[in-house]
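The numbering used here puts the first residue of the sequence shown at 12, with every later residue one more than the last.
Even glycine gets a Cβ: it sits at the ideal position worked out from N, Cα and C.
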Amino acid sequence: MIALALSILSSTMIFVVFKLFSKFKINTLHAIVFNYITACFLGIILQKNTVDFTTIPNYGWFPYTLALGVLFIIVFNLMALTTQRSGLSVVSVATKMSVVIPVLFGLIYYEESLSAFKIIGIILALIAVYLASIKTKDGIKIKSSNLIFPILVFFGGGIIDTTIKYLEGEFVAKDDIPIFTATIYAVAGTIGFSILIFHAIKGKFQFKLKNVIGGIVLGIPNFFSIYFLVQALRSGIFDSSGVFTINNVAIVMASTILGILLFKEKLLIKNWIGIGLAVLGILFIALAV
Numbered sequence: 012m013i014a015l016a017l018s019i020l021s022s023t024m025i026f027v028v029f030k031l032f033s034k035f036k037i038n039t040l041h042a043i044v045f046n047y048i049t050a051c052f053l054g055i056i057l058q059k060n061t062v063d064f065t066t067i068p069n070y071g072w073f074p075y076t077l078a079l080g081v082l083f084i085i086v087f088n089l090m091a092l093t094t095q096r097s098g099l100s101v102v103s104v105a106t107k108m109s110v111v112i113p114v115l116f117g118l119i120y121y122e123e124s125l126s127a128f129k130i131i132g133i134i135l136a137l138i139a140v141y142l143a144s145i146k147t148k149d150g151i152k153i154k155s156s157n158l159i160f161p162i163l164v165f166f167g168g169g170i171i172d173t174t175i176k177y178l179e180g181e182f183v184a185k186d187d188i189p190i191f192t193a194t195i196y197a198v199a200g201t202i203g204f205s206i207l208i209f210h211a212i213k214g215k216f217q218f219k220l221k222n223v224i225g226g227i228v229l230g231i232p233n234f235f236s237i238y239f240l241v242q243a244l245r246s247g248i249f250d251s252s253g254v255f256t257i258n259n260v261a262i263v264m265a266s267t268i269l270g271i272l273l274f275k276e277k278l279l280i281k282n283w284i285g286i287g288l289a290v291l292g293i294l295f296i297a298l299a300v
């Protein structure tokens, strides 16, 4: 339970940091790249046993981390594009609704139990995510030409979570969680730096220290969001469908509450209903154990 709570806290802190990016006019792409490098170094530092970096390609999970690193960059850019074309609420819903994919994977591949309490809890959680994420009275409005982007965010986010669950269960040893996480971020960081170098060649890159600092601040909770999620998945307190559902809905709930407390955001009645349903959904899933 502690690992799950820390994963939720870490992911919620990512929301706070992104909010501060706009306040301090930090270049999101540049900060994201330095965030990956920071997360990579954290994984190396926290790795208990000595690692020969030349042997990392021999690990069973290594090829998957290459794919995950690429996905991290692609999904991030898709999220940015979706935000520009359809708004932040659309991204929030697409990202959090993607929990359906790892939940279905756990139920089918690992044959996890599916009680009435869990079904009700998952349904309530999905409704809660939608209601808590929509901050406009008119709800979500997406042009048909832009619909492909949130759909890709939905599948991209779901595939990332599902792959992490699969690797955690099949390939990653208990003591290798930090280096496993570090490798994912190393791949994403390498791709990100390549993009920045390309921008520099084109004369579109301008170095600013605040972007580096922003990346470091973001990288710390970003690393621990995955690190503690993997710990929660193997803690045994809930099966994977329960962990992913509680993790996602609690992040939305905590982020919404922090938005009120820290950024004076005004919530609609449906947002409050979403928070209430989030609590009920978590309770139903907890009772399903």
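With distances taken between CB atoms, is the gap from residue i to residue j smaller than 9 Å?
{"i": "N233", "j": "N38", "result": "no"}
{"i": "L53", "j": "F235", "result": "yes"}
{"i": "A297", "j": "G132", "result": "yes"}
{"i": "S266", "j": "F26", "result": "yes"}
{"i": "S97", "j": "L240", "result": "no"}
{"i": "F165", "j": "A261", "result": "no"}
Nearest-angstrom Cα distance between residue i and residue j?
{"i": "S33", "j": "E276", "result": "15 Å"}
{"i": "M24", "j": "G270", "result": "11 Å"}
{"i": "I13", "j": "G203", "result": "32 Å"}
{"i": "L92", "j": "L207", "result": "18 Å"}
{"i": "S103", "j": "N46", "result": "20 Å"}
{"i": "V44", "j": "I195", "result": "13 Å"}
{"i": "G180", "j": "I212", "result": "42 Å"}
{"i": "F216", "j": "S21", "result": "30 Å"}
{"i": "L137", "j": "D63", "result": "43 Å"}
{"i": "L57", "j": "Y238", "result": "10 Å"}
{"i": "L118", "j": "F128", "result": "15 Å"}
{"i": "D250", "j": "Y121", "result": "9 Å"}
{"i": "N60", "j": "I188", "result": "11 Å"}
{"i": "K36", "j": "S126", "result": "47 Å"}
{"i": "V228", "j": "I134", "result": "34 Å"}
{"i": "L163", "j": "L89", "result": "7 Å"}
Over what stretch of residues does the alpha helix (DSSP H) that includes residue i continue unbroken?
{"i": "L89", "result": "F73 to S97"}
{"i": "T61", "result": "Premise fails: T61 is in no alpha helix (DSSP H) and is neither H nor E."}
{"i": "V114", "result": "V111 to Y120"}
{"i": "F35", "result": "Note, F35: premise wrong, no alpha helix (DSSP H); not H, not E."}
{"i": "F274", "result": "S251 to F274"}
{"i": "N282", "result": "I280 to L298"}
Task: Contact between the stretch 112-124 and the stretch 254-261 (3+ Cβ pairs under 8 Å) - done: yes
TODO: Kindly provide the ranges of any beta strand (DSSP E) runs that are 3 or more residues long and lie completely inside the stretch 157-221, ordered along the chain.
DONE: none
- [ ] Would you check if the stretch 237-249 and the stretch 172-179 touch, i.e. whether three or more CB-CB distances between them fall below 8 Å?
- [x] yes
Open item on the list: Under 8 Å: do the stretch 277-295 and the stretch 131-148 share three or more Cβ pairs, one atom per stretch?
Closed with: Cβ pair count under 8 Å is three or more, so yes.
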